[in-house]
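Below: one structure, written as structure tokens.
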Amino acid sequence: MAAFPNLPSLAVALALSFAASGAALAYSGEIYVTCGLNPQGDNFLALRRCGSTSCAMTHKLGPGTYMLSFEPYGTNGWRQVSILNRPNEQDIAGPTGWVFERYICQVRP
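Per mature numbering (1 follows the signal peptide of the UniProt record, and there is no 0): the sequence shown = residues -26 to -1, 1 to 83.
Below is the structure:
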């Protein structure tokens, strides 16, 4: 080890550098659309204040409603989203809330 006295310090510096570069990558969201709604039933997906049926419903999302996700993964079957006017829109000015993941499908580019 005498030939490379700074090797442990270099290894730590490299590890921290890789960790910092991974943390710098931000999640830009994914586009989803309502799907699997029952036309003979309510035919809407509830947008809620939090990820639970006990939370207040703020909006009724009909078939073909587009949304942008905030996180790459849902929480206990719920996903936080912002409603979009068009599928290619990335403006999060629309209503924001939580939807049940079973009734949303990812829009692939």
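Just so it is clear, CB atoms sit at the ideal spot from N, CA and C, and this is done for glycine as well.
Status (buried if at least 16 other CB within 10 Å, exposed otherwise) for residue i
i: Y47; result: exposed
i: S43; result: buried
i: G71; result: buried
Proximity winner among the options, relative to residue i (alpha-carbon distances)
i: C24; options: E4, Y6, T49 and Y1; result: T49
i: R82; options: M31, A(-1), G71 and M41; result: M41
i: L11; options: G71, N62, K34 and G3; result: K34
i: P37; options: Y6, W52 and S2; result: Y6
i: I57; options: L21, A(-1) and P13; result: L21
i: N59; options: W52, P69 and G51; result: P69
Residue i in three-state terms, based on DSSP
i: Y47; result: coil
i: R23; result: coil
i: Y77; result: helix
i: T8; result: strand
i: residue 86; result: This structure cannot settle anything about residue 86, because the visible part of the chain is limited to -26 through 83.
i: Q14; result: coil
i: S56; result: strand
i: G3; result: coil
i: G71; result: strand
Rounded C-alpha distance that separates residue i from residue j
i: Q54; j: G15; result: 24 Å
i: T27; j: V73; result: 10 Å
i: Q80; j: N62; result: 13 Å
i: residue 99; j: A(-1); result: Past the edges of the chain, shown from -26 to 83, lies residue 99, and the structure says nothing about it.
i: M31; j: L19; result: 10 Å
i: R76; j: T39; result: 14 Å
i: P13; j: S2; result: 32 Å
Chain B within 8 Å of residue i, Cβ atoms only
i: G48; result: Of the protein chains in the structure, only one exists, and it is not chain B.
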